[in-house]
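First residue of the sequence shown: 871, per my numbering; consecutive thereafter. Let me begin by presenting the structure, written as structure tokens, before commenting on it.
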Amino acid sequence: MPKARKTLISLEDTPYYHCVSRCVRRSFLCGKDKLTGANYEHRRQWVEKRLIILSGVFAIDLCAYAVMSNHTHVVLRVNKSKAESWTNRQVIERWHQLYAGNYLSQRFMARQSLGVAEKKQLDIFVQTWRERLFSISWFMRNLNEHIARQANREDNCTGRFWEGRFKSQALLDDKALAGCMAYVDLNPVRACMADTPETSDHTSVKERIRCTQNAERIHQPKHLLAFVGNPRQNMPDGLPFELKDYLALVDLTGKVYRNDKRGSINQHLPPLLERLSLTQNQWEALTRDFEKHFSYFVGSANSIKVAYQRQGYTRSPGLSSCLALLSP
């Protein structure tokens, strides 16, 4: 039986989440429908564009994404402290990029005077909107509803476009985060939609590689959470890995997939795997079937138990996979 969303999103345990949305129709979200001959490839750009827009509105950072033929993957980081630092005006500005707001918020933004009771009522609205702007459920709602409406207009029909719920997995530590991001970035390679990560259209890894190949100015994509290096004192805000190590590891893993045989990652073991204490077999299993191996929480055995206990669970689904794939 599906669990309530509030039991799957636990910011006390982690800000990182892997979310998957799947299409319910026979026709493709994107790509070419072999039965009808219709081509929906342009819809992949719809999803990618919407993700970039939402990452600039919400206090939610985009770590990785892949737009597939009938589903999408995203790895998100909730930045609650960022949302709490916004002024009321900043919250309303962001909310108005998505919704019309109400009479009070519109008057406030027009710098019209409000009475005492009106200010108190507006504060209530702003607090609600602030909470929604760091909510993964509201982020995914804004992504999926927007794409569904566009698709329905194009198909000249009504009804559901996505499954009723998106799937989410909480990533409790660096091993889970690295493995999940690589799994997402390599989805098109694994599905034989691309030969290499740098040719995987509508993925975060292609955007990261493209920016590193800029001869005039090597940089990281502004709409993606930056890699800031290994954990240390005075750690900048961002992903706790070296970008070059991550890209090298993803590229090497992608080649293993395309050759359809067990690779030899350990011959040139990237420093990232050494720091995470993951073996070749563990890494291959993580990046090949991440969704199948794990349930709602992904991380070390101890973090899994703590997270489930905090949510009132009597069991710890996926514990055996975490012990096998995420333990040294």
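C-beta: ideal position from N, C-alpha, C; glycine also.
Extent of the continuous alpha helix (DSSP H) run through residue i
| i | result |
| --- | --- |
| Val-1059 | 1057-1060 |
| Lys-952 | 950-955 |
| Asn-1172 | 1171-1180 |
| Pro-1141 | 1141-1146 |
| Val-961 | 958-966 |
| Ser-1191 | 1189-1195 |
| Ala-1155 | 1150-1158 |
| His-976 | First, the residue type needs correcting, since residue 976 is Gln and not His in the sequence shown. 973-979 is the extent of the alpha helix (DSSP H) around Gln-976. |
8 Å contact criterion, which residue i and residue j should meet: CB distance rounded
| i | j | result |
| --- | --- | --- |
| Phe-1004 | Ala-953 | 4 Å |
| Leu-1013 | Leu-924 | 6 Å |
| His-1072 | Val-944 | That belief does not hold up - the Cβ atoms of His-1072 and Val-944 are roughly 12 Å apart, past 8 Å. |
| Ala-1048 | Leu-905 | Contact flag wrong, Cβ pair sits at about 39 Å. |
| Ile-879 | Tyr-886 | With a Cβ gap of about 11 Å, Ile-879 and Tyr-886 do not count as contacting. |
| Pro-1067 | Val-1059 | 7 Å |
| Asn-1100 | Pro-1110 | 7 Å |
| Val-927 | Gln-967 | 5 Å |
| Cys-893 | Trp-1032 | 6 Å |
| Gly-1124 | Leu-1056 | 5 Å |
| Val-961 | Trp-999 | 6 Å |
| Ile-922 | His-1089 | Their Cβ separation, rounded to whole angstroms, is 16 Å, which puts Ile-922 and His-1089 out of contact at 8 Å. |
| Thr-942 | Ser-891 | 5 Å |
N-terminal and C-terminal residue of the beta strand (DSSP E) that residue i is part of
| i | result |
| --- | --- |
| His-888 | 886-892 |
Sheet register partners of residue i (DSSP bridge)
| i | result |
| --- | --- |
| Asp-931 | Arg-947 |
| Thr-942 | Ser-891, Val-937 |
| Thr-1073 | Ala-936 |
| Val-1168 | Leu-1041 |
| Phe-1097 | Leu-1109 |
Contact test: residue i Cβ vs the ligand NAD heavy atom, cutoff 7 Å
| i | result |
| --- | --- |
| Thr-884 | By its list of ligands, the structure shown contains no ligand whatsoever, and the ligand NAD lies outside what it can speak to. |
Do the segment 974-984 and the segment 917-934 touch if we need at least three Cβ pairs shorter than 8 Å?
No, because fewer than three Cβ pairs between the segment 974-984 and the segment 917-934 fall closer than 8 Å, the two stretches do not touch.
Identify every run of the alpha helix (DSSP H) within the segment 985-1055, keeping only runs that are complete inside it and at least 4 residues long; order them along the chain.
Qualifying alpha helix (DSSP H) stretches, in chain order: 986-1002, 1006-1025, 1044-1055.
Counting Cβ pairs closer than 8 Å, one from the segment 1167-1181 and one from the segment 1028-1042, do we hit at least three?
Counting Cβ pairs under 8 Å, three or more are found: they touch.
So, does the segment 1017-1035 touch the segment 1147-1162, judging by three or more C-beta pairs under 8 Å?
no
Answer yes if the segment 1104-1123 comes into contact with the segment 1072-1082, meaning at least three C-beta pairs across the two stretches below 8 Å, and no otherwise.
A contact exists between the segment 1072-1082 and the segment 1104-1123.
Does the segment 993-1004 touch the segment 1028-1039, meaning 3 or more C-beta pairs lie closer than 8 Å?
no
Should the segment 1184-1194 be called in touch with the segment 1152-1165, which here means at least 3 C-beta pairs below 8 Å?
yes
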